[in-house]
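Under my numbering, the first residue of the sequence shown carries the number 22, and numbering increases by one thereafter.
First comes the structure, then the notes that go with it.
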Amino acid sequence: MKSPEQFQRHNKIIGKILIVVSLLHLVFSAFMYNAVYFFDSWEIFSDIHIGGLTFRHPAALMYAFPFFYVGLAIIEFILAVGILANQKWAQKASMAPAVFYFFNFPLGTAFCIYIFLTFWETPTAAEMEVSQKAEENS
């Protein structure tokens, strides 16, 4: 069990890292959107004929990926603000995007494990009060 002071320190670290990761996801989505737009103009991606089936404009499906990362960045930023404000809902909800980080070896995996180790068992409100009173008395 971590002391409340250690927990607060880890809370701030995770919140700041999530802000950086959300900004990186926004930049990545802009590059991805431009790449899809560039390749979309190539004629080889116009139609795909397989047997009797014709798939019209299959590259248009690739536009979903940049928008997924924009949505992920918005969620990460909201979670980061909540974590920095010490909100319990943000601490528990941050485990959901951490699952996506697990597959980004090695830094994403390490960050995923760090989030799970920090927020799996959070200090109770009583422990936080005792810690704050101890700080005020000293």
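Built from N, CA and C at the ideal position, the CB exists for glycine as well.
The model shown is predicted, which means the values in this text are computed figures rather than measured ones.
Of the residues G72, G73 and Y84, the one whose Cα lies closest to the Cα of F59 is Y84.
If you look at M53, you'll find it in the alpha helix (DSSP H) that goes P25 to D61. Membership of T143 in any alpha helix (DSSP H) is not indicated, and neither H nor E is assigned to it by DSSP. Rounded to whole angstroms, the separation of the alpha carbons of V91 and M53 is 11 Å. Q112 and P118 have their C-alpha atoms spaced approximately 11 Å apart. For F98, the enclosing alpha helix (DSSP H) stretches over residues A85 to L105.
Of the candidates L39, K33, E26 and P25, the residue whose Cα lies closest to the Cα of L128 is L39. In this structure, S43 places its C-beta atom within 8 Å of the C-beta atom of F98.
By the Cβ-count criterion, T75 is exposed, with fewer than 16 other Cβ atoms from all chains shown falling within 10 Å of its own Cβ.
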